[in-house]
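Chains A and B supply the protein sequences, listed in that same order.
Letter by letter, the first sequence follows residues 275 to 577 in my numbering.
Letter by letter, the second sequence follows residues 275 to 577 in my numbering.
Ideal placement from N, C-alpha and C gives every residue a C-beta, glycine not left out.
The structure under discussion appears below in the form of structure tokens.
There are 2 protein chains.
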Amino acid sequence: MSETFQSVAIIGLGLIGASIARAVRAHLPEVRLRGFDLDPDVRARAGELELVDDLAEGAADAVAGAELVILCVPVGAMAAAAEAIAPGLGPQALVSDVGSCKGFVASELRRVLPGARIVPAHPVAGTEKSGPDAGFAALFHGRWCILTPEEGADEADVARLCAFWTALGAKVEVMDAWHHDTVLSVTSHLPHLIAFTIVHTASDIERVTEGEVIKYSAGGFRDFTRIAASNPAMWRDIFLTNKDALLATLQRFNADLAALEQAILADDGVALFELFTRTAAIRRGIVEQGQDVGKPDFGRPSL
Amino acid sequence: MSETFQSVAIIGLGLIGASIARAVRAHLPEVRLRGFDLDPDVRARAGELELVDDLAEGAADAVAGAELVILCVPVGAMAAAAEAIAPGLGPQALVSDVGSCKGFVASELRRVLPGARIVPAHPVAGTEKSGPDAGFAALFHGRWCILTPEEGADEADVARLCAFWTALGAKVEVMDAWHHDTVLSVTSHLPHLIAFTIVHTASDIERVTEGEVIKYSAGGFRDFTRIAASNPAMWRDIFLTNKDALLATLQRFNADLAALEQAILADDGVALFELFTRTAAIRRGIVEQGQDVGKPDFGRPSL
Numbered sequence: 275m276s277e278t279f280q281s282v283a284i285i286g287l288g289l290i291g292a293s294i295a296r297a298v299r300a301h302l303p304e305v306r307l308r309g310f311d312l313d314p315d316v317r318a319r320a321g322e323l324e325l326v327d328d329l330a331e332g333a334a335d336a337v338a339g340a341e342l343v344i345l346c347v348p349v350g351a352m353a354a355a356a357e358a359i360a361p362g363l364g365p366q367a368l369v370s371d372v373g374s375c376k377g378f379v380a381s382e383l384r385r386v387l388p389g390a391r392i393v394p395a396h397p398v399a400g401t402e403k404s405g406p407d408a409g410f411a412a413l414f415h416g417r418w419c420i421l422t423p424e425e426g427a428d429e430a431d432v433a434r435l436c437a438f439w440t441a442l443g444a445k446v447e448v449m450d451a452w453h454h455d456t457v458l459s460v461t462s463h464l465p466h467l468i469a470f471t472i473v474h475t476a477s478d479i480e481r482v483t484e485g486e487v488i489k490y491s492a493g494g495f496r497d498f499t500r501i502a503a504s505n506p507a508m509w510r511d512i513f514l515t516n517k518d519a520l521l522a523t524l525q526r527f528n529a530d531l532a533a534l535e536q537a538i539l540a541d542d543g544v545a546l547f548e549l550f551t552r553t554a555a556i557r558r559g560i561v562e563q564g565q566d567v568g569k570p571d572f573g574r575p576s577l
Numbered sequence: 275m276s277e278t279f280q281s282v283a284i285i286g287l288g289l290i291g292a293s294i295a296r297a298v299r300a301h302l303p304e305v306r307l308r309g310f311d312l313d314p315d316v317r318a319r320a321g322e323l324e325l326v327d328d329l330a331e332g333a334a335d336a337v338a339g340a341e342l343v344i345l346c347v348p349v350g351a352m353a354a355a356a357e358a359i360a361p362g363l364g365p366q367a368l369v370s371d372v373g374s375c376k377g378f379v380a381s382e383l384r385r386v387l388p389g390a391r392i393v394p395a396h397p398v399a400g401t402e403k404s405g406p407d408a409g410f411a412a413l414f415h416g417r418w419c420i421l422t423p424e425e426g427a428d429e430a431d432v433a434r435l436c437a438f439w440t441a442l443g444a445k446v447e448v449m450d451a452w453h454h455d456t457v458l459s460v461t462s463h464l465p466h467l468i469a470f471t472i473v474h475t476a477s478d479i480e481r482v483t484e485g486e487v488i489k490y491s492a493g494g495f496r497d498f499t500r501i502a503a504s505n506p507a508m509w510r511d512i513f514l515t516n517k518d519a520l521l522a523t524l525q526r527f528n529a530d531l532a533a534l535e536q537a538i539l540a541d542d543g544v545a546l547f548e549l550f551t552r553t554a555a556i557r558r559g560i561v562e563q564g565q566d567v568g569k570p571d572f573g574r575p576s577l
């Protein structure tokens, strides 16, 4: 990889930034790593963990001389991060990010950094943990990273970023930014919206105590609480910046849920059985393509 | 345990029945196990796996002489199973079950088996796998088993069943059947209904291909597919027999989802952040009380 990037700057050292740092260390040990986080506590912890070679005291300082700059901040903070790095950005630097919405982020980066080399990216990977301690090198292994270059983007830049993510263990796909946002509204944003809602409903319902919800959560509810424990700021920003695609997908979900409710009201067991049989096929595809483990219960150890 | 039940009959040898058989073997080796399944293939497989000591060719035959009979069939098949065992049931036999709805099952068992000793039960445990091969002895370790005896039930029967489930590694709670159905509508039935719906929506939406849904499922969607891969007949029956509690809980969920949608439409980031911060607390309770593992991603190995 030394023919592509010799110096990489990571802005934002939470779960994703820290995981990129550890993955670079593991897979591209010759790369010089620079890093910065706006939060002094995170910065101090990143220093203790020795996540990067050079921990900067400012964003502009962190990107000085970097050939690749990756913004690993919540989507709503991308514009501010881009403004902060602008003074230090060299003409050779390729600017990328890891945001879960690409249309909004791409237009913000283009607005704030006119003339810069920009290739937005989204590694579809994560856990419910946040912060620098949560990062680990294998997070991107076998996961997809979606690049959403603008029309007319430099093909060499796209190829270099593709090689970078491939080196970190990811599989890379190139896609239109707005199509990305529709796809992810289905596979990620709506599931999180629903999970946050159901956890809220369960904690708020009068007829059942919170203690009961926790005790009997192994009946299905606990699986929703994992993704509803994800970073609140990150998800607030995703929902607000991918609003159109998300609400369109939500509308479909609401219609499907209403149809299922009607089938239950009508005692239509045949329709229910047929639907529940079809949904199992998607699970098989996900396991076969290595996007989940096939062991029961996610391979959870018996507690 | 020999002072409680010396002979146990299991009717239905799927995931739960097979797990009870294996758990009895592991924890109560002196118990004589009898078993039956209506499906000849399941019966043959149970024989190959040597799940029970005596594999019967009929339900009535299976329960002859048994001190505890556990019906491990879908909720909608309970009445038929109770009718089938009736001719073989001795006066000493305690009849129980493992169904996820207790109000409906209790009244069905009472109707079909007037005068019998009945203590309905629900072990809140399971995986997305079905069938005799999916059973394992540790399934109930640390999980709750809820007993819902009728008013006036024999306290000695309740105590014996409590001791049985405790021996299998479960924690036991006694509860009113209808309250059980409300609690489980929140912690199990609604989550499954939502998971089935979202997997259906994702597989059916025009703007996104099924291949894309599978590829990018690691963004959250895959967690829903696990519970939507559960036994279709079992879930059809649960939704139809716990309809009232389920639809009341669904109404709350729909109201909460509509409020969240409004907050997104109104760009109310403060409300979203506050809500998403609160939902993390329930997750902590579930992990602290041993109802889930605290490792990121359910402790899934990196793929």
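Neighbour list for residue i in chain B, Cβ cutoff strictly below 8 Å
| i | result |
| --- | --- |
| residue 563 of chain A | 488 and 489 |
| residue 518 of chain A | Near residue 518 of chain A there are no residues of chain B at all, since even the closest Cβ is about 10 Å away, more than 8 Å. |
| residue 294 of chain A | Correct list: empty, because the minimum Cβ distance to chain B is about 15 Å. |
Buried or exposed (CB count within 10 angstroms, at least 16 for buried), residue i
| i | result |
| --- | --- |
| residue 539 of chain B | exposed |
| residue 380 of chain A | buried |
| residue 331 of chain A | exposed |
| residue 276 of chain B | The predicted position of residue 276 of chain B is uncertain, since its pLDDT is 38 and thus under 50; no value can be drawn from it. |
| residue 364 of chain A | exposed |
| residue 397 of chain A | buried |
| residue 483 of chain A | exposed |
| residue 284 of chain A | buried |
| residue 430 of chain B | exposed |
| residue 544 of chain A | exposed |
Element boundaries [beta strand (DSSP E), containing residue i]
| i | result |
| --- | --- |
| residue 310 of chain B | 306-310 |
| residue 326 of chain B | From DSSP, residue 326 of chain B is part of no beta strand (DSSP E); its letter is neither H nor E. |
| residue 448 of chain A | 445-448 |
| residue 371 of chain B | 368-371 |
| residue 345 of chain B | 342-345 |
| residue 396 of chain B | 395-397 |
| residue 629 of chain B | It is not possible to answer for residue 629 of chain B, since the shown part of chain B is limited to 275 through 577. |
| residue 421 of chain A | 418-421 |
Chain-ordered neighbours of residue i on chain B, where CB pairs are closer than 7 Å
| i | result |
| --- | --- |
| residue 402 of chain A | 570 |
| residue 440 of chain A | Neighbours of residue 440 of chain A on chain B: none; closest Cβ ~16 Å, over 7 Å. |
| residue 315 of chain A | In chain order: nothing, as chain B lies at least about 18 Å away. |
| residue 466 of chain A | 494 |
Interface residues of chain A facing residue i [CB-CB closer than 7 Å]
| i | result |
| --- | --- |
| residue 530 of chain B | 471, 474 and 475 |
| residue 543 of chain B | 510 and 514 |
| residue 452 of chain B | Near residue 452 of chain B there are no residues of chain A at all, since even the closest Cβ is about 10 Å away, more than 7 Å. |
| residue 547 of chain B | 506, 507 and 510 |
| residue 299 of chain B | Result: empty, since nearest Cβ-Cβ is about 16 Å, beyond 7 Å. |
Neighbourhood of residue i by C-beta distance below 8 Å, restricted to the same chain and skipping five residues each side
| i | result |
| --- | --- |
| residue 524 of chain A | 464 and 467 |
| residue 411 of chain B | 293, 296, 297, 299, 300 and 301 |
| residue 382 of chain A | 352, 353 and 356 |
Within chain A, partners of residue i - CB distance below 8 Å
| i | result |
| --- | --- |
| residue 462 of chain B | 490, 493, 494 and 495 |
| residue 290 of chain B | Under the 8 Å cutoff, chain A gives no residues; its nearest Cβ is about 13 Å from residue 290 of chain B. |
| residue 535 of chain B | 521 and 524 |
| residue 479 of chain B | 460, 523 and 526 |
Alpha helix (DSSP H) segment containing residue i, residue limits
| i | result |
| --- | --- |
| residue 544 of chain B | 543-562 |
| residue 477 of chain B | 464-478 |
| residue 358 of chain A | 352-359 |
| residue 380 of chain A | 377-386 |
| residue 506 of chain B | 506-515 |
| residue 459 of chain A | Run containing residue 459 of chain A: none; DSSP gives neither H nor E here. |
Cβ neighbours of residue i in the same chain (closer than 6 Å, five flanking residues each side left out)
| i | result |
| --- | --- |
| residue 580 of chain A | Look at the range of chain A in this structure, 275 to 577, and you will see that residue 580 of chain A is not part of it. |
| residue 546 of chain A | 537 |
| residue 565 of chain B | none |
| residue 337 of chain A | 283, 343, 359, 362 and 363 |
Inter-residue CB distance, residue i and residue j (contact presumed, cutoff 8 Å)
| i | j | result |
| --- | --- | --- |
| residue 288 of chain B | residue 405 of chain B | 6 Å |
| residue 495 of chain A | residue 476 of chain A | 6 Å |
| residue 346 of chain B | residue 372 of chain B | 5 Å |
| residue 500 of chain B | residue 557 of chain A | 7 Å |
| residue 503 of chain A | residue 348 of chain A | Not really, about 16 Å apart at Cβ, beyond 8 Å. |
Chain-ordered neighbours of residue i on chain A, where CB pairs are closer than 9 Å
| i | result |
| --- | --- |
| residue 515 of chain B | The contacting residues do not exist; residue 515 of chain B stays about 10 Å from chain A at best. |
| residue 349 of chain B | Under the 9 Å cutoff, chain A gives no residues; its nearest Cβ is about 12 Å from residue 349 of chain B. |
Neighbourhood of residue i by C-beta distance below 7 Å, restricted to the same chain and skipping five residues each side
| i | result |
| --- | --- |
| residue 435 of chain A | 368, 370, 393, 395 and 421 |
| residue 497 of chain A | none |
| residue 449 of chain A | 420 and 422 |
| residue 358 of chain A | 333 and 334 |
| residue 376 of chain B | 394, 396, 422, 451, 454 and 455 |
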